[in-house]
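The numbering of the sequence shown is my numbering, which starts it at 6 and goes up by one.
Glycine included, C-beta positions come from ideal geometry on N, C-alpha and C.
Worksheet: one structure, shown below.
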Amino acid sequence: MDFSLSEEQCLLRDSLREFVLREVSPEAGELDRASLFPARAIRRLAEMGLLGMSIPEAYGGAGLNSVGVALAIEEIARGSASLAVTVSVTNSVCAVPIARYGTEEQKRRYLPQLAKGNILGGFSLTEPDSGSDAAHLRTRARRDGDSYTLSGDKAWVTNVVEGQLFVLVAATDPSQGARGLTAFLVEKGFPGFSFGKVEDKMGLRSSLTGGILLQDCRVPGANRLGEEGQGFKIAMTTLDGARIGIAAQAVGIARGALEESLAFSRQRKAFGQPINQFQAIQFMLADMSTAIEAARLLVHRAAHLRDLGNVTYTREASMAKLFASEMVNRVAYQAVQIHGACGYSREYPVERYFRDARVTTIYEGTSEIQRLVIARKLLESL
Ligand SMILES: Cc1cc2nc3c(=O)[nH]c(=O)nc-3n(C[C@H](O)[C@H](O)[C@H](O)COP(=O)(O)OP(=O)(O)OC[C@H]3O[C@@H](n4cnc5c(N)ncnc54)[C@H](O)[C@@H]3O)c2cc1C
6 MDFSLSEEQC
16 LLRDSLREFV
26 LREVSPEAGE
36 LDRASLFPAR
46 AIRRLAEMGL
56 LGMSIPEAYG
66 GAGLNSVGVA
76 LAIEEIARGS
86 ASLAVTVSVT
96 NSVCAVPIAR
106 YGTEEQKRRY
116 LPQLAKGNIL
126 GGFSLTEPDS
136 GSDAAHLRTR
146 ARRDGDSYTL
156 SGDKAWVTNV
166 VEGQLFVLVA
176 ATDPSQGARG
186 LTAFLVEKGF
196 PGFSFGKVED
206 KMGLRSSLTG
216 GILLQDCRVP
226 GANRLGEEGQ
236 GFKIAMTTLD
246 GARIGIAAQA
256 VGIARGALEE
266 SLAFSRQRKA
276 FGQPINQFQA
286 IQFMLADMST
296 AIEAARLLVH
306 RAAHLRDLGN
316 VTYTREASMA
326 KLFASEMVNR
336 VAYQAVQIHG
346 ACGYSREYPV
356 ERYFRDARVT
366 TIYEGTSEIQ
376 RLVIARKLLE
386 SL
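Right under this line is the structure:
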């Protein structure tokens, strides 16, 4: 069993680590407090080819495998979870399904633009009345000559406002439930498309999340992704891969919380000594570090299985997402505890990590949904 990374992967990780330290971390707190989109960092990442990290080289992307993407997302999330989710969503739930299910024309039209960072992408499944129960969509798509007319409200879409292209799932045949859903590539400029309210969130405040309103929105037939009725399958297979990215994001946030705690506990004194001399603090640091390593192993294993290409990895992706997202909430809690009152102040990054960590057990499938997936796979194997 070989746990080592390739030379290229080490180079990617180390150069990103240095970039994040130099350019992302210093501005992340301020952008969070002002709820500002990290436009400058997005441009820099685009120059580095990371907006298209999952896109095949033939379409202008970096063509990283899943382990490489997990390494990159962890590093970016170490500095800013908002930036990490912006990049992760563009890659894993917009570019990846286009690369996998798109026609040659769709790939040529959209992937190079996403890879260059000229456009940002998103993924729109959730609706105001349908989150975990993702097959029960109210948004309707009706065939109308050689195009479709989409009507309905989508909710909680990452990369609204700044995003130009959304993989959006709607019901073409509501009587068929999950089998009646179809995916579309919807541009923000299409007639009848508008953004709804932008959510005022607890965390990820530099990432834009909100609604998409479709009022008889005309989508060319050429923008259907896959076949009619394939939408649920496209969404679920896409989320399998994307969950590895969210798990990597959780590991990155947790690493940030640990590193800040190590630094703080060395300089903060109580009872005449640095607090890192207290065994209670050392035990918290030890538990945090162990949990992070365990989560990273699950993330890399799921990513490795995905990279093999010929094995299913649904269970492993859900395990990585479940474990890493629950882990980062415990680690961020302990980081705030180690910081004492300072951990409750917006001046210290752990306050942001604590808020940013919270969503990881919710989006791209809640922890309860991950447990359902894992249990279903376990029972199937009996
Ligand atoms: C910041 C943010 C960004 C997001 N970005 C996107 C995006 O880009 N695209 C997108 O489509 N969506 C996005 N979402 C939506 C997200 O995927 C959903 O919030 C998530 O799937 C949960 O759905 P829900 O919020 O409707 O909760 P619900 O489904 O209403 O669940 C509420 C509670 O009930 C539990 N529950 C539901 N069903 C079951 C069950 N069968 N068994 C046990 N427990 C159950 C849940 O686990 C949860 O605890 C985002 C959400 C957030 C917060």
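With a cutoff of 7 Å on beta-carbon distance, C99 and G127 are scored as near each other. The criterion of a C-beta distance shorter than 7 Å is satisfied by I286 and I343. Here DSSP, grouped into helix, strand and coil, assigns R210 to coil. Using a Cβ distance threshold of 7 Å, A325 and D245 do not count as a contacting pair. In terms of side-chain proximity, the C-beta atom of L130 is found nearer than 6 Å to a non-hydrogen atom of ligand 1.
Collapsing the DSSP output to three states places Y318 in coil. In the structure shown, Q169 falls within a coil segment according to DSSP collapsed to helix, strand and coil. Going by C-alpha positions, G277 is about 21 Å away from A340. Taking 3 residues as the minimum length, the beta strand (DSSP E) runs contained wholly in the stretch 107-172 are 126-129, 145-149, 152-163, in order along the chain. In this structure the stretch 231-242 touches the stretch 188-196; the number of beta carbon pairs closer than 8 Å is three or more.
The straight-line gap separating the alpha-carbon atoms of Q220 and L10 is approximately 49 Å. Setting aside the 5 residues that flank it on each side, G236 is surrounded in the same chain by V174, L186, T187, A188, each with a C-beta closer than 7 Å to its C-beta; the list follows chain order. For the 7 Å CB-CB criterion, G122 and A51 form a contact. Less than 7 Å separates the beta-carbon of I258 from that of V333. Along the length of the stretch 323-365, whole alpha helix (DSSP H) runs at least 4 residues long occupy 354-363, reported in chain order. Taking 6 Å as the cut-off, one finds no heavy atom of ligand 1 near enough to the beta carbon of E79. The alpha-carbon of E331 is positioned some 39 Å away from that of R113.
The three-state reading of DSSP puts S71 in helix, counting H, G and I together.
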